[in-house]
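These notes are about the structure you will find just below.
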Amino acid sequence: MEKTTDVLPLTMNSSEKQETVCIFGTGDFGQSLGLEMLQCGYSIVFGSRNPRMSSLLPNGAEVLSYSEAAQKSDIIIIAIHREHYDFLTELTEVLNGKILVDVSNNLKIKQYPESNAEYLAQLVPGAHVVKAFNTISAWALQSRALDASRQVFVCGNDSKAKQRVMDIVRSLGLTPLDKGSLMAANEIENYPLQLFTMWKFPFYLSAVLCVFFFFYCVIREVIYPYVYEKKDRTFRLAISIPNRVFPIAALTLLALVYLPGVIAAILQLYRGTKYRRFPDWLDHWMLCRKQLGLIALGFAFLHVLYTLVIPIRYYVRWTWTNRTIAQAIAKKESPFSTSTAWLSDSYVAMGMLGFFLFVLLGITSLPSVSNMLNWREFRFVQSKLGYLTLILCTAHTLVYGGKRFLSPSSLVWYLPSAYVIALIIPCTVLAIKFILILPCIDKTLTRIHEGWERNPKFSESALNGKTDI
Ligand SMILES: Cc1cc2nc3c(=O)[nH]c(=O)nc-3n(C[C@H](O)[C@H](O)[C@H](O)COP(=O)(O)OP(=O)(O)OC[C@H]3O[C@@H](n4cnc5c(N)ncnc54)[C@H](O)[C@@H]3O)c2cc1C
Ligand SMILES: NC(=O)C1=CN([C@@H]2O[C@H](COP(=O)(O)OP(=O)(O)OC[C@H]3O[C@@H](n4cnc5c(N)ncnc54)[C@H](OP(=O)(O)O)[C@@H]3O)[C@@H](O)[C@H]2O)C=CC1
Ligand code: HEM
Ligand SMILES: [Fe+3]
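Next comes the structure, spelled out in structure tokens:
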């Protein structure tokens, strides 16, 4: 065996942890977990198909064949993919009565009829199978970048076995969360896969928004000039149109982050209680607000980048130069307009402030930052400053539109400018929110949040429904 990584136990009082734990599989996850456990004072024995060939294993660990290794410990962590579990049936005798920790994940939801942990329990009926660690990645273990997921979901039918695994989890500085019997394994195995589903809706929604506004702008700014003036304006596809589509997507998505909150509030006011479950679509929408917000931030970044290059664009420089020459030839000077200067400066200023707060929201959603904030601080930034961001970005767009806002000259084939459409959702959200914070309504809402019910007969539903959001 090659020994390449030196290990010093991190904790001095490791005497009580001098427990030997066996890890089956010397792949990425086995190595990372083994190193981490050695550092915490455990003795590690790896089980491997080819003990001699195993390299890059932490110094201090032993590597034996699977059956030899199994004899060294009564806790065995199975760091092997489910597809290769079959060989364990040959070891049923030596695994009898041992604690087997299933850490495996699948590539798809419902890939197999039963969970991997239940499958393992079927293969080795005499062992106590415990599901754990599957939501922690090998990379996170190695880099100690565990802020994102310090929680380890644990489940199993034997409570003593589960307790011992939870002790290991704790000694690694992680937080175990008991999810009950092995029947919960299916749910736990779905967690790492489900993380992605939170991005699906925001992703498709932003794609639909971009495609819609892109074609809307193409009709107004490329097809219309071509049909009526025979002008080739296709160059607008490169910067001008994206610099409409991206900020419009950012603003719309930002408004859609705050829309479910106002719908929830209206629903709670209407029902007169918070003890009733929201409809599934609203629940799901509420849960993916962070993802919606982060995609919106991405679009806002693009808008800022595209805006930065405006002065160096050929088309813009050509327009300015020609205007100046035309004025020089006509010996005419356009008078300075203080109101235009005010409007122009103020819409850019609001855009910059809005963008600053937008970035702040993004920073506080990083787990390493949000872990340092208490619940009230986080809510203050996300909710209060979030609304301020929405107000500033909406005002930025409104003032940018300025006088042209609804003027008939800006209509093309009866279609208003794209930003006019983009303002509908943000203005609606802000208007409803404004009504909701009127003292009389806010007072009722606060009482509802504190548990007051208009119609106490609903309290029955508190027992089987969801209690809070
Ligand atoms: C860049 C960016 C990053 C983001 N990152 C995150 C993130 O990391 N995490 C995150 O969660 N969101 C994130 N968001 C989304 C958003 O900022 C938050 O979800 C924000 O808290 C929403 O505020 P809200 O006031 O609309 O909603 P909430 O504060 O959730 O309130 C919504 C509704 O819930 C009800 N309600 C509120 N309090 C109670 C109560 N105590 N009891 C019962 N009902 C109640 C009310 O009806 C209320 O109107 C991010 C957004 C952006 C733009
Ligand atoms: N990587 C990660 O971030 C995470 C992984 N997991 C889970 O941990 C388990 C291991 O993952 P990972 O370490 O990434 O996988 P690897 O492919 O890197 O390692 C798997 C190990 O399984 C052993 N093995 C036993 N039998 C076979 C066989 N027939 N064919 C191939 N390998 C075999 C091998 O060890 P040897 O050669 O010593 O016999 C191999 O190194 C998986 O179930 C995975 O779902 C869970 C959470 C995160
Ligand atoms: C540094 C910050 C920002 C600056 C300097 C800025 C600047 C600008 C400028 C110059 C325009 C006019 C573009 C043009 O003439 O084509 C514009 C338009 C716009 N901006 Fe911003 N902006 C900023 C941030 C934001 C943010 C954070 C949002 C929203 C989330 C936003 C939303 C919009 C919208 C919707 C338009 C109208 C797009 C159109 O139809 O042309 N902006 N911004
Ligand atoms: Fe792998």
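Note that the working numbering has the sequence shown beginning at 251, numbered continuously upward.
Using N, Cα and C, we set each Cβ at its ideal position, and we do this for glycine too.
Beta-carbon gap between residue i and residue j smaller than 8 Å
| i | j | result |
| --- | --- | --- |
| GLN642 | LEU610 | The residue asked about is misnamed: residue 642 is Leu in this sequence, not Gln. The answer is no: Cβ separation not under 8 Å. |
| ASN384 | GLU439 | yes |
| ILE326 | GLY275 | no |
| SER456 | LEU532 | no |
| GLY284 | PRO308 | yes |
| PRO676 | LEU542 | no |
| VAL495 | CYS467 | yes |
| ILE469 | LEU665 | yes |
| SER615 | LYS540 | yes |
| CYS405 | ALA434 | yes |
| LEU544 | PHE528 | no |
| PHE608 | ALA550 | yes |
| ALA672 | THR647 | yes |
| SER596 | VAL649 | yes |
Environment of residue i [buried if 16+ CB atoms lie within 10 Å]
| i | result |
| --- | --- |
| PHE605 | buried |
| SER226 | This structure gives no information on residue 226, because the portion of the chain shown stretches from 251 to 719. |
| GLU368 | buried |
| PRO617 | exposed |
| GLU343 | exposed |
| ARG704 | exposed |
| HIS699 | exposed |
| TYR525 | buried |
| GLY511 | buried |
| SER633 | exposed |
| HIS378 | buried |
| ALA578 | exposed |
| ALA681 | exposed |
| ASP352 | buried |
| LEU260 | Model confidence at LEU260 stands at a pLDDT of 46, short of 50, so the residue's coordinates are unreliable; what they give is reported in the following sentence. The residue is exposed, with fewer than 16 neighbouring Cβ atoms inside 10 Å. |
| PRO706 | exposed |
| ARG626 | exposed |
Residue i to residue j span [Cα, whole Å]
| i | j | result |
| --- | --- | --- |
| LEU357 | LEU443 | 7 Å |
| TYR316 | GLY376 | 17 Å |
| LEU509 | VAL679 | 6 Å |
| LEU341 | HIS534 | 45 Å |
| GLU286 | SER421 | 10 Å |
| ILE203 | ILE685 | Residue 203 is absent from the model: the chain starts at 251 and stops at 719. |
| ILE418 | ALA411 | 11 Å |
| GLN268 | PHE337 | 29 Å |
| LYS683 | VAL271 | 56 Å |
| ARG521 | SER354 | 44 Å |
| GLU252 | GLN289 | Annotation note: pLDDT 40 at GLU252 (below 50); position unreliable, coordinate value reported separately. Taking the straight line joining both Cα atoms gives about 19 Å. |
| ALA311 | LYS381 | 24 Å |
| VAL374 | GLY291 | 29 Å |
| ASN714 | PHE630 | Reliability of the predicted coordinates at ASN714 is poor, the pLDDT of 48 falling under 50, and no value is obtained from them. |
| TRP702 | GLU471 | 54 Å |
| PHE462 | TYR556 | 20 Å |
| PHE279 | PRO426 | 18 Å |
| LEU314 | GLY430 | 33 Å |
| THR569 | GLU583 | 16 Å |
Residue(s) in a DSSP beta bridge with residue i
| i | result |
| --- | --- |
| PRO529 | DSSP output for PRO529 lists no bridge partner at all. |
| GLN401 | THR425 |
| ASP482 | Answer is none; ASP482 lacks a bridge partner. |
| ASP352 | ILE328, LYS381 |
heavy atom of ligand 6 below 7 Å from residue i C-beta
| i | result |
| --- | --- |
| HIS534 | Among the ligands present in this structure, namely ligand 1, ligand 2, ligand 3 and ligand 4, ligand 6 is not found. |
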